[in-house]
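One structure below.
Number of protein chains: 2
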Amino acid sequence: MRIAQYFPILDWGRTYDRAALSNDLIAAVIVTIMLIPQSLAYALLAGLPPEVGIYASIAPIILYAIFGTSRALAVGPVAVVSLLTASAIGQVAEQGTAGYAVAALTLAFLSGGILVLLGVLRLGFLANFLSHPVISGFITASGILIATSQLKHVLGIDAHGHTLPEMIVSVVGHLGQVNPITVAIGVSATAILFWVRLGLKPFLRKLGASPKLADVATKAGPVAAVVATTLAVWLFSLDSAGVRTVGEVPQSLPPLTMPGLSPELVQALFVPAILISVIGFVESVSVAQTLAAKKRQRIDPDQELIGLGAANIGAAFTGGYPVTGGFARSVVNFDAGAETPAAGAYTALGLAIAAVALTPLVYYLPNATLAATIIVAVLSLVDFKILKKIWGYSKSDFTAVTATILLTLGLGVEVGVASGVVISVLLHLFKTSRPHVAEVGLVSGSQHFRNIHRHKVETSSQVLTLRVDESLYFINARFLEDMVQARVAEGGSIKHVILMFSAVNEVDFSALESLEAINEHLKDMNVGLHLSEVKGPVMDRLKQSHLLEHLNGDVFLSQFDAWQALAGRALVEPAAQ
Amino acid sequence: MRIAQYFPILDWGRTYDRAALSNDLIAAVIVTIMLIPQSLAYALLAGLPPEVGIYASIAPIILYAIFGTSRALAVGPVAVVSLLTASAIGQVAEQGTAGYAVAALTLAFLSGGILVLLGVLRLGFLANFLSHPVISGFITASGILIATSQLKHVLGIDAHGHTLPEMIVSVVGHLGQVNPITVAIGVSATAILFWVRLGLKPFLRKLGASPKLADVATKAGPVAAVVATTLAVWLFSLDSAGVRTVGEVPQSLPPLTMPGLSPELVQALFVPAILISVIGFVESVSVAQTLAAKKRQRIDPDQELIGLGAANIGAAFTGGYPVTGGFARSVVNFDAGAETPAAGAYTALGLAIAAVALTPLVYYLPNATLAATIIVAVLSLVDFKILKKIWGYSKSDFTAVTATILLTLGLGVEVGVASGVVISVLLHLFKTSRPHVAEVGLVSGSQHFRNIHRHKVETSSQVLTLRVDESLYFINARFLEDMVQARVAEGGSIKHVILMFSAVNEVDFSALESLEAINEHLKDMNVGLHLSEVKGPVMDRLKQSHLLEHLNGDVFLSQFDAWQALAGRALVEPAAQ
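Same order as they appear, the protein sequences are chains A and B.
Per the UniProt record's numbering, residue 1 is the first one in the first sequence, and the count goes up by one each step.
Per the UniProt record's numbering, residue 1 is the first one in the second sequence, and the count goes up by one each step.
If you want it as structure tokens, here you go:
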């Protein structure tokens, strides 16, 4: 373990040259422009003052550049983590209070600490407990929740709630407050942004624009909407007509802050912090891995934990809130040609300049426009097509994804994702609890054995061969016991049972005891028990036990050997048995 | 589904004859004599009046005879379930109150209902969540807890507690109360019973007694101890010297009782009832299966659930408490020659007569004697040798058994067994999270492929073959993704990757997406991805997905075909790749 392994910057930094510098600078300019409205919007989603979104994009980016392994990942506030943040700290503090902002810092600090710890202990694989169906169900449900949570800004009303029913009831209850001008701004911004996302590119291409230009125009859409609606509010003084705007934003670099670490606060936020860490990590690693593969690069998931952890700890001390690697911004960064994490550092510089110089410009920016950018961004996360795909592939995975969606919408993000994990694990255990066991026979003229119900094969009434298509462990150990006993009790003339272990990758202690019990039961019935095609690691372990010495039969290297020895013997001396 | 399947009595009842009747009657007499002191003792352990132990042995036995499938199982109070009962109802009512007895009825009713429900839904396999290491750890720890809990009766003091530290502290704190005569009775009864259990049989055999006689004498030991100490108390009026005795026991048949079903009580006892059901079921099925195999009979685990459920519901309405099939009494029943469940019904009759006629005789029976019979019985459950056996076989199973023992002793039976289940599941998932993946090559002159690190095999620098020794599912899907990417990134000249699927029994949706990601990554690197030896059920499912049509390579029936096609092609046209 070299110290340098924790500083990937030492790796790419050594070869950093002028070409990389210029590519990184161009990417940084593009990402900075895109990040300004996005950062404000996500802070709004998390229930925090807008500048917090900018702050959360500065120190974390620099820290990730030092510790992270992905060349193109852009770290900062993202939609799902912002929603989780709002849900978690909404339980311990009132939105708008100082306690709320401090709780956000604490949450960032805790999840940073958890991520670093997992990274140092190399426990990144724990994130695998989130199966793909659970992740996609969770992302889809979160997209719906986030879009719904932004309705209040589009309508200009007060509403609240952390589950879909709560939000809908609250919005409906406050419909009387609707501000028509806000609705006009919000709805038109949403409509235009949707069109920009879906229709602008083909439209420009039809007009003869280059693909590059069409692409840039599409990405500049949110910036244009921000500029246009801000100007409209300023020119027509719509803020005095009840349109809520971002308002005063302090002109300053990120402040030095301290997360609150009182035992009650830490206890209340610990479980949400675990959830945010794991979900943020999974989102980030998926993006990083996809982008790395395109350049035949590699990311190290355990070092990624440390990079993201450092970014979150940085956010906690610089007035931010939990961050992770975002999908949209990372793809933009990659497409814009970023070559190294230095591009991220330049983006941080650009945002620092914006924090000091440009914040007065967002005074008249309507919250409705920010809400519109969020709605358009997150609805692209909602993916019901995956349901059909999963249904066609596996009913069990479909159950997991559907349960995750419904529980997330109905009971909130935390319960939803936790239940999804538990349901996936239980479904997996259930599937392996009744393994596929095929009764096999010899394919005539070959040494192959196949399922007697699918192929025409040679069998013997005295020799029963069962191929077990699953590792044997406590959940299915008794199943095998029952099955062998039932099969032998029904076929009265059976003299030998062969268990073919070609697909058995493990035999745990419970399964060993079941095999011993099967051996005893068969011995009581005067039937032999034999094993064939036992894998090396399984055999090594069985040799540690007493099964083999008490086995009322033999272990054969190949099933064909077993068949020749036993079926042959059975034919030659049936009376002696 | 015939109705008759739920009434196994219709099966054996049709062929019941005089020979079976006489065998069953003899067995019933022996079991009845053994059950009287045992039933009183276990009621004491559960904190209930002594007659409850007798009542719990009457209706349940008859109901099991009607619904159960084992010919030899003897149902009634058992040590572990009595301990669980004491622990569960101790949390909702004070021992000795009417509420305590009602809670015991409710617990029996709930666990009966749960068992019947599981049986009707055919969910008996859920009991498999208790792995053998967890069960043996739990039984050992319970034995220690039970023996310790009886110390207070042997010493004649008041003490309490549900964990080992609590009990020890409480016993030490009450040492001032010790009653010397009680200690004399308790210690000598314990010593004599231990000697009867371990030394009497060889001693009698040495004196020339027949094995049969030695056996009967050994089993009559507890009855003799009961008679002797009862006589001593009566003759010398030791009860007035502070020796606590069973005292007044109502002379009556089991009363008709109603379990309490208030929502608070049901809610408080529901989780303990699940635990008691599952543990009782596992204990009972293990015994029943062992005994059935000896006579080449079969039990049906799902029908067993119904049989045990009926027995518990019967206990709830006849003044009993939770029951299950006991190990000791079932073995005695079997050895005494019981042929059908009718033997159980005759035992019930014997106990009913005892309840009406013999209860005055136990007035002077000292609690210390009953405690001694319990201590001697349960210490035979304590088995530390299994720890060594498990350590030698599997470190992971050893972790599970050790954790279960320590948590059961330190935090009580309920936390202990629940943690054991969770730990086993997590350890299993952990083991499968980093599957064994072997890089394989061709054994020269054969069609076999073996691990390149264990055997001398042919390999190609352009073709990488990985044999995956585990089913692929969400927990290990990303591991494979990382591994393939790492392996290809390091070996620069690789043109083809073959995944050999001979031991892959399942590919869930997460793993499918990982395979798709691997395919995309490799495509980006201009490397082909191929599959070989895919099992029928896995192939059927993959055909439902889009993986195969987008696969940047082929699916080969055998690994040898794949090798010939790809290694051959690589050798012939390396420049074209």
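Positions of the beta carbon are idealized from the N, C-alpha and C atoms, including for glycine.
Asked, Found
"Taking a contact to mean a Cβ-Cβ separation below 9 Å, would you say Val-196 (chain A) touches Leu-365 (chain A) in this structure?", "no"
"Using a beta-carbon distance cut-off of less than 8 Å, what residues from the segment 519-543 of chain B approach chain A?", "Glu-520, His-521, Asp-524, Met-525, Lys-535, Gly-536, Pro-537, Arg-541"
"Could you pull the start and end residues of the alpha helix (DSSP H) that Asn-312 (chain B) belongs to?", "301-317"
"Once DSSP output is grouped into helix, strand and coil, what is the label at Thr-69 (chain A)?", "coil"
"Please list the residues of the segment 292-317 of chain A that have a C-beta atom closer than 7 Å to any C-beta atom in chain B, keeping them in chain order.", "Ala-293, Lys-294, Arg-296, Arg-298, Pro-301"
"Would you please state the rounded distance, in angstroms, between the beta carbons of Asn-505 (chain A) and Glu-470 (chain B)? I believe it to be under 8 Å.", "5 Å"
"Hey, would you say Val-227 (chain B) sits closer than 9 Å to Pro-49 (chain B), going by beta carbons?", "no"
"Comparing alpha-carbon positions, which option in A:Arg-71, A:Ala-43, A:Ser-396 lies nearest Phe-334 (chain A)?", "A:Arg-71"
"Under three-state DSSP, which class holds Phe-449 (chain A)?", "strand"
"Return the chain-ordered list of same chain residues with a C-beta closer than 7 Å to the C-beta of Pro-165 (chain A), the five sequence neighbours on each side being excluded.", "Gly-410"
"Report, in whole angstroms, the separation of the C-beta atoms of Asn-312 (chain B) and Pro-322 (chain B), which I expect to be a contact under 8 Å.", "6 Å"
"Starting from Val-507 (chain B), follow its DSSP beta bridges and name the residues at the other end.", "B:Leu-472"
"Which same chain residues, not among the five before or five after Ala-342 (chain A), have their C-beta less than 6 Å away from its C-beta?", "Asp-24"
"So, with DSSP's three-state summary, where would you put Phe-258 (chain B)?", "According to the sequence shown, residue 258 (chain B) is Met rather than Phe. In this structure, Met-258 (chain B) counts as coil in the three-state DSSP scheme."
"What is the DSSP secondary structure of His-521 (chain B), counted as helix, strand or coil?", "helix"
"Which parts of the segment 404-445 of chain A are runs of the beta strand (DSSP E), unbroken and 3 residues or longer, counting only runs that do not cross its ends?", "437-442"
"Looking at the unbroken beta strand (DSSP E) that takes in Ser-532 (chain A), where does it start and where does it end?", "528-532"
"Three-state secondary structure (DSSP) at Glu-458 (chain B)?", "strand"
"Are the segment 313-332 of chain A and the segment 250-257 of chain A touching, with three or more C-beta to C-beta distances below 8 Å?", "yes"
"Apply the 10 Å Cβ neighbour rule to Ile-3 (chain A) and answer buried if 16 or more other Cβ atoms are within range, or exposed otherwise.", "exposed"
"Can you pull the DSSP bridge partners for Val-382 (chain A)?", "Paired residues: none, contrary to the question."
"Are Val-497 (chain A) and Leu-529 (chain A) touching if we call contact CB-CB under 9 Å?", "yes"
"What does a CB cutoff of less than 6 Å around Ala-576 (chain B) pick up in its chain, not counting 5 residues either side in sequence?", "Unreliable positioning characterises Ala-576 (chain B) in this predicted model, as indicated by a pLDDT of 35, which lies under 50. The coordinate reading is nonetheless provided below. Hits under 6 Å: none found."
"Using the three-state DSSP reduction, which class does His-496 (chain B) fall into: helix, strand or coil?", "strand"
"Between the C-alpha atoms of Trp-345 (chain A) and Pro-8 (chain A), what's the straight-line distance to the nearest angstrom?", "According to the sequence as given, residue 345 (chain A) is Ala; it is not Trp. When rounded, the distance between both Cα atoms is 14 Å."
"Terminal residues of the continuous alpha helix (DSSP H) containing Asp-554 (chain B)?", "Looking at the DSSP string, Asp-554 (chain B) is not in any alpha helix (DSSP H), and its letter there is neither H nor E."
"With 16 as the cutoff for other CB atoms within 10 Å, does Asn-526 (chain B) come out buried or exposed?", "exposed"
"How would you write the range of the alpha helix (DSSP H) that His-546 (chain A) sits in, first residue to last?", "Here His-546 (chain A) belongs to no alpha helix (DSSP H), and DSSP marks it neither H nor E."
"Quick check: the Cα distance between Ser-419 (chain A) and Leu-83 (chain A), rounded to an integer number of angstroms?", "18 Å"
"Find out if the Cβ-Cβ distance for the pair Phe-327 (chain A), Val-134 (chain A) is shorter than 9 Å.", "no"
"With a CB to CB cut of under 8 Å and the five nearest residues on each side skipped, what residues in its chain are close to Leu-361 (chain B)?", "Thr-230"
"Using only alpha-carbon positions, find the residue among A:Ala-41, A:Ser-87, A:Ala-19, A:Ala-46 that is nearest to Gly-416 (chain A).", "A:Ser-87"
"Let me check understanding here. Comparing Cα to Cα, which of B:Ile-390, B:Arg-434, B:Leu-305, B:His-546 lies closest to Leu-126 (chain A)?", "B:Arg-434"
"If you follow the alpha helix (DSSP H) that Glu-166 (chain B) is in, where does it begin and where does it stop?", "164-173"
"If you draw a straight line from the C-alpha of Met-539 (chain B) to the C-alpha of Glu-513 (chain A), how long is it?", "33 Å"
"Where in the segment 344-381 of chain B do unbroken runs of the alpha helix (DSSP H), each at least 4 residues long, occur, reported from the N-terminal end onward?", "367-379"
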